[in-house]
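S.K.: Below: one structure in structure tokens.
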Amino acid sequence: MIKFFTTIGGFLLGSLLLALIVILSFNPSFFALKILESDLSSFGKKPSNSLDRYLNDQLAKEMLTSPETLTYLGFDSINFLTDHNSKFDDNSSKSKYENYIFNKSYLKSLNTIEREKLGNSKYNLDIQKFNLQNKITSYESFKYHFNPVSQFFGTHLSVIEFLTDNHKIIDERSVKDYIARISSASTVIENNIQYLKKRADNGIFSPRFVYEKASKQINNILSFDVEENPIYLSLQKKISLLNLNKVKEERYLMEAKALLKSDFYPSYKKLQIVINNQESLAREMDGVWGLPNGDDYYKHRLRIYTTTDYSPEEIHEIGLELVASIQKEILDILTSEGYDMTKKLPSLYKEINNDKRFLFEDSDAGRKEILDRYTDIQNNALKSMDNYFHDIPKAEVIVKRIPIYAEESAAGGYYQSPSLDGKRPGIFYANLFDVKATKTFGMPALSFHEAIPGHHFQNALNQENQNQTVWKKFGYRTSAFGEGWALYAERLAVEIGLVTDPYEMIGSLQSELFRAVRLVIDTGIHNKKWSREKAIDYMIDNVGSERSEATSEVERYIVWPGQACAYMLGRIKIIELRELAKSELGNKFDIKDFHREVLMNGSLPLTVLEEIIQNYITSTKI
67 MIKFFTTIGG FLLGSLLLAL IVILSFNPSF FALKILESDL SSFGKKPSNS LDRYLNDQLA
127 KEMLTSPETL TYLGFDSINF LTDHNSKFDD NSSKSKYENY IFNKSYLKSL NTIEREKLGN
187 SKYNLDIQKF NLQNKITSYE SFKYHFNPVS QFFGTHLSVI EFLTDNHKII DERSVKDYIA
247 RISSASTVIE NNIQYLKKRA DNGIFSPRFV YEKASKQINN ILSFDVEENP IYLSLQKKIS
307 LLNLNKVKEE RYLMEAKALL KSDFYPSYKK LQIVINNQES LAREMDGVWG LPNGDDYYKH
367 RLRIYTTTDY SPEEIHEIGL ELVASIQKEI LDILTSEGYD MTKKLPSLYK EINNDKRFLF
427 EDSDAGRKEI LDRYTDIQNN ALKSMDNYFH DIPKAEVIVK RIPIYAEESA AGGYYQSPSL
487 DGKRPGIFYA NLFDVKATKT FGMPALSFHE AIPGHHFQNA LNQENQNQTV WKKFGYRTSA
547 FGEGWALYAE RLAVEIGLVT DPYEMIGSLQ SELFRAVRLV IDTGIHNKKW SREKAIDYMI
607 DNVGSERSEA TSEVERYIVW PGQACAYMLG RIKIIELREL AKSELGNKFD IKDFHREVLM
667 NGSLPLTVLE EIIQNYITST KI
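Here the sequence shown is numbered in my numbering, starting from 67 and rising by one per residue.
See below:
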């Protein structure tokens, strides 16, 4: 009997294993999806209703089509099925169309759901419907309006940054994956080239300077000898930590060098040729009003980034009013500090900006001093956070220099979230290209914005929050909320008392003024037909920026229409809601509770945030 059942059991087990192998060989994505869903579940609250389960499932499906996302988030457990660590995202026109069809089907499904039966999950429905409709409109009406190659973004930069900053090398397999990604980079570049050509076929071109600067960046990359290429140097550094035998190590490095020579550099040269050819066809106007259906495109981008229905004209007026009021505060401080107030504001700005007390030495030592000072500012800020937040991120945040090959045209600073597995900290990238552009009195505001209590608190706390679903953590991002919070964080730091020096107060106000000026300039360029030069002069005259900084910023607004308006409009809404809560709750108002309420729900449109805070006020009153 025992032998009989053993035989039968062995037969059944063998059959099941054979069936599994057959299924796996034909549909590995099914198993990958199940494993990914299981892995994702450990990073968030288990969905309590069918909508949240559906949103989580759809997010997992989307992630499965994005090798870069899977690598960035550290989902290595499914790599044996997907081989995603050896791939880049598919940026072909076919893939974009498939995403469009997916989004349409997704939205159709959501439109069948009865909102009022969902409880608090109704906000999730609102968020995703808003998100999907924007994506669908972008594809249907403005497929070729996006700048695929610019001084701020594009595959010519992202390929390098992803390999050097995000691809982990922890074993021999990850070395092979890294090399495979070098090999496939040429396909990513080629798809970008095809998009540029289709864009041109539809009569859509970028302003001339965009091509010039992107071409210069590619030139910088091509100027590297293979062994000086950041991709090669990163591999060399990471592989040295694996303790492979020297023969293997050298073989992998030689393979990487060969691919850089045979695939990588030729693809970049081809891209540069296309860019240079299109430069002769570049449009002279800087605003998107010069594109086909440009006015509607700008309104669409404003809606995406600000999550409001403000018209360009309304935003312009809000900006002008804020510029005037903030400048008055700055002038009051300058008066108290004994400056000659017969001088015009631009002259006063110039006087402060050229004051040697606030400048760093233009050297490696000076740049190191900047990074060290940013680190000190963050460490000091962290000491005060317990009094204003219930929750402090477990993940650390560090300061790094923006890569040298990209820094000339990059923003003054930006933030990268920590990895989910906690192995990579949050990173505040600082621009050290023009040392004169970094003033000591302006550093606290930028640090508060990018790191503590700004983007780092917003992003790290969201990732670490086990009381919300995975979709709430990763399913939606908006500049209005994220950048609005970061700008609010600058003001909060002042209120906490982290800014006491009058010049640092000027630096904080200049940062606010900077964002108010953005409202004026962004709408000026894209709606009122301002030239790049007019916008640069306006920023210099009203903020006191160095010309290099003003040029970089204005050129950013040109290639990224609408996004710059999100900062101040987001902050206005958060402060407005805080003051409403204080007024309504009186003694029951707790700043820690308010901050938790704002941050605990992840990224969301401002309209949804407003409804959430209203509900918080109502429930606290009871």
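For glycine and all other residues, C-beta sits at the position ideal for the given N, C-alpha and C. What you are looking at is a predicted structure, and each value in this text was computed from that prediction instead of being measured.
Using a threshold of 8 Å, state whether the C-beta atoms of Ile468 and Ala496 are closer than that.
M.R.: The answer is yes: Cβ separation under 8 Å.
S.K.: With H, G and I counted as helix, E and B as strand and the rest as coil, what does DSSP make of Gly628?
M.R.: Three-state DSSP puts Gly628 in coil, outside helix and strand.
S.K.: Is it true that the CB of Ala348 sits closer than 8 Å to the CB of Pro459?
M.R.: No; because the gap between Cβ atoms is not below 8 Å, this pair is not in contact.
S.K.: Using DSSP with H/G/I as helix, E/B as strand and the rest coil, what is Arg598?
M.R.: If DSSP states are grouped into helix, strand and coil, Arg598 belongs with the helices.
S.K.: Secondary structure at Gln534, three-state DSSP: helix, strand or coil?
M.R.: Residue state, collapsed to three classes: coil.
S.K.: In angstroms with no decimal places, state the Cα-to-Cα distance between Glu676 and Lys100.
M.R.: Approximately 36 Å, taken between the alpha carbons.
S.K.: May I ask you to verify whether the segment 368 to 381 touches the segment 316 to 332, counting CB pairs closer than 8 Å and requiring at least 3?
M.R.: These segments do not touch.
S.K.: Three-state secondary structure (DSSP) at Val292?
M.R.: Helix.
S.K.: Can you give me the C-alpha to C-alpha distance between Val583 and Asn608, rounded to a whole angstrom?
M.R.: Whole-angstrom Cα-Cα distance: 8 Å.
S.K.: If you draw a straight line from the C-alpha of Tyr415 to the C-alpha of Met634, how long is it?
M.R.: Between Tyr415 and Met634, the C-alpha separation is close to 22 Å.
S.K.: On the premise that Tyr371 lies in contact with Ala632, defined as a C-beta separation below 8 Å, what is that separation, rounded to the nearest angstrom?
M.R.: 4 Å between Cβ atoms; contact.
S.K.: Look up Gln217 in the DSSP assignment and say whether it is helix, strand or coil.
M.R.: If DSSP states are grouped into helix, strand and coil, Gln217 belongs with coil.
S.K.: Have a look at Ile493 and His521 and give me their C-alpha separation to the nearest angstrom.
M.R.: Whole-angstrom Cα-Cα distance: 10 Å.
S.K.: Quick check on the DSSP output: what are the complete beta strand (DSSP E) runs of length 3 or more inside the segment 273 to 319, in order along the chain?
M.R.: Counting whole runs of 3 or more residues, the segment 273 to 319 contains no beta strand (DSSP E) stretch at all.
S.K.: With DSSP run on the structure shown, which of helix, strand or coil describes Lys69?
M.R.: Summary for Lys69: the model assigns pLDDT 36, below 50, so the residue's position carries little reliability, and this model does not support an answer.
S.K.: By DSSP, does Tyr405 sit in helix, in strand, or in coil?
M.R.: In this structure, Tyr405 counts as coil in the three-state DSSP scheme.
S.K.: Quick one: what does DSSP say Lys466 is sitting in, helix, strand or coil?
M.R.: Lys466: strand per DSSP, three-state reduction.
S.K.: According to DSSP, which residues form a beta bridge with Gln124?
M.R.: Answer is none; Gln124 lacks a bridge partner.
S.K.: Return the chain-ordered list of same chain residues with a C-beta closer than 7 Å to the C-beta of Val565, the five sequence neighbours on each side being excluded.
M.R.: The residues are Pro510, Ala559, Met571 and Ser574.
S.K.: By the three-class DSSP mapping on this structure, what secondary structure does Phe236 have?
M.R.: With the sequence shown as reference, residue 236 is identified as Ile, and Phe is not the correct amino acid for it. Coil.
S.K.: Under three-state DSSP, which class holds Gly550?
M.R.: Gly550: helix per DSSP, three-state reduction.
S.K.: Is the segment 187 to 200 in contact with the segment 340 to 358, if contact means three or more CB pairs nearer than 8 Å?
M.R.: Too few Cβ pairs lie closer than 8 Å, so no.
S.K.: Would you mind giving the Cβ-Cβ distance between Val465 and Tyr440, rounded to the nearest angstrom? I have them listed as a contact below 8 Å.
M.R.: Confirmed, about 5 Å.
S.K.: So which of Thr504, Ser513 and Lys327 has the shortest CA-CA distance to Asp291?
M.R.: Of the candidates Thr504, Ser513 and Lys327, the one whose C-alpha sits nearest the C-alpha of Asp291 is Lys327.
S.K.: Is the beta carbon of Val340 closer than 8 Å to that of Leu288?
M.R.: Cβ distance not < 8 Å, so Leu288 and Val340 don't count as in contact.
S.K.: Which word fits Phe96, buried or exposed, when buried means at least 16 other C-beta atoms lie within 10 angstroms of its C-beta?
M.R.: Exposed is the call here.
S.K.: Let me confirm a value: Lys639 is counted as buried when at least 16 other C-beta atoms fall within 10 Å, else exposed. Which label applies?
M.R.: Counting Cβ neighbours within 10 Å, Lys639 comes out buried, since at least 16 surround it.
S.K.: For the candidate residues Ser614, Gly636 and Phe141, whose alpha-carbon lies nearest to that of Glu578?
M.R.: Checking every option, the nearest Cα to that of Glu578 belongs to Gly636.
S.K.: Could you spell out where the alpha helix (DSSP H) holding Phe691 opens and where it closes?
M.R.: The structure shown does not extend to residue 691, since the chain is modelled only from 67 through 688, so no value can be given for it.
S.K.: Taking a contact to mean a Cβ-Cβ separation below 8 Å, would you say Asn122 touches Trp537 in this structure?
M.R.: In this structure, Trp537 lies closer than 8 Å to Asn122 by Cβ.
S.K.: Give me, in chain order, the residues of the same chain whose beta-carbon lies closer than 7 Å to that of Asn232; leave out the 5 immediate sequence neighbours on both sides.
M.R.: Thr137 and Tyr138.
S.K.: Tell whether a beta-carbon distance below 8 Å holds between Gln524 and Pro484.
M.R.: No, Cβ-Cβ distance for Gln524 and Pro484 is not below 8 Å.
S.K.: Let's test the definition: count the other Cβ atoms within 10 Å of the Cβ of Ser240 and tell me whether it reaches 16, buried, or not, exposed.
M.R.: Buried is the call here.
S.K.: When the Cα atoms are used, what is the spatial distance from Ala555 to Lys336?
M.R.: So the two alpha carbons sit approximately 44 Å from each other.
S.K.: What whole-angstrom Cβ distance do Ala503 and Glu615 have, given they're in contact under 8 Å?
M.R.: Ala503 to Glu615, Cβ: 5 Å. Contact.
S.K.: Considering only C-alpha positions, which residue in the set Asp361, Asp118, Gly385 and Thr535 is nearest to Phe109?
M.R.: Cα-wise, what sits closest to Phe109 is Thr535.
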